[in-house]
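Using this note's numbering, read the sequence shown as starting at 238 and increasing by one per residue.
The next block holds one structure in the form of structure tokens; read it before the comments.
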Amino acid sequence: MPARPMIVRALTLLAAFLLSVVPLRAQLSPEWTTAQKPFHIAGNLYYVGSRDLAAYLVTTPSGNILINANLATSPPQIKAAVEELGFKWADTRILLNSQAHYDHLAGGAQVVRETHAKLMVMAGDAENAENGDTHDFDPTGDLLPYEPVHVSRVLHDGDTVKLGGTVLTAHRTAGHTKGCTTWTLQVHEGAKTWNVVIGGGFVALSAYRLVDLPGKPASYPGILKDFKDGFALQRKLPCDIFLGAHGAYFDMQAKLKRMDAEGPSVWVDPAGYLKLLDASEKAIDERVAGERAGK
Ligand SMILES: [Zn+2]
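This is the structure:
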């Protein structure tokens, strides 16, 4: 092939690639990047994320735990939120994660560089963290790769993370990602002790296949079992305060509006937690029925 048509062809391919990527970047929800005033949830638990991409700070006398580093652009925003609450960014000792997609872990490498926090990630997601999610099982590529980040400790279902008297438990609630993690902890506010659940992810992306059918393999072996086991596990978790990796999971903005008048009890919502589990499991069951019907 002459050189010139080859260049034209290469440019056409490049244009097609850019067209396929650029709209995606433009699709980043403004709620993901718009700053949220940080706030105290209860006990030693604080919200330091954006309007929808949740990040949590757990403070202890031995340093702090950050849950979720979010987008590549999020760490400066999270740092500012931590400092606005009066805590030191450099006191971040441990970084945890809800799920190894770019909207929750792309900022991980920068957080680790700046704070020297140890990143701890569930098996299944740890590989994604270390390769920047380039091997994810979503075939459409609508998940953006990110800067790989070293995982200091690979977690398994039921493992605990302890720092300065606070204990967090990692529950493997996979399907959305192979190591999607629901975090639980107890917080103490006055004489009250509250069980906190931070949901990791509940949804099968549109390109996922849950059922293994001839010629249409499941997105990964066992994905449907992972989703169903995850829902069963989550139904057993004691839940007072209901939170999640996205503010939308637990209706954060609506609850925030009530917080001035009602205090931290707005976050106590076991019924909302069960409602989300019911709706999410129903959506998975409907997807399964659709796939079995040939959709
Ligand atoms: Zn995700």
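For glycine and all other residues, C-beta sits at the position ideal for the given N, C-alpha and C.
Ligand 1 heavy atom lying under 6 Å from the CB of residue i
i      : result
HIS387 : no
GLN471 : no
GLN336 : yes
Three-state secondary structure (DSSP) of residue i
i      : result
ARG472 : helix
GLU384 : coil
LEU513 : helix
LEU461 : helix
PHE487 : helix
ASN365 : helix
LYS494 : helix
GLY437 : coil
GLY481 : strand
ARG446 : coil
LEU400 : strand
Per-residue burial, residue i [other beta carbons within 10 Å of its own, 16 or more giving buried]
i      : result
THR371 : exposed
LYS316 : buried
HIS353 : exposed
VAL258 : Reliability of the predicted coordinates at VAL258 is poor, the pLDDT of 39 falling under 50, and the value obtained from them is presented with this limitation in mind. The residue is exposed, with fewer than 16 neighbouring Cβ atoms inside 10 Å.
VAL295 : buried
PRO275 : buried
THR419 : buried
GLN490 : exposed
VAL404 : exposed
ARG262 : A caution first: ARG262 carries a pLDDT of 44, below 50, which makes its placement in the model too unreliable to give a value.
ILE521 : buried
Integer-rounded CB distance, given that residue j should sit under 8 Å from residue i
i      : j      : result
GLU518 : VAL448 : At roughly 16 Å, the Cβ-Cβ gap does not stay under 8 Å, so GLU518 and VAL448 are not in contact.
LEU342 : TYR383 : 7 Å
GLY280 : HIS413 : Not a contact, Cβ separation roughly 28 Å.
GLY361 : ALA411 : 6 Å
Return the chain-ordered ranges of every beta strand (DSSP E) run that is complete within the region 284 to 328 and spans a minimum of 3 residues.
-> Annotation note: the region 284 to 328 contains the following uninterrupted beta strand (DSSP E) runs of length 3 or greater, listed N- to C-terminal: 293 to 297, 300 to 304.
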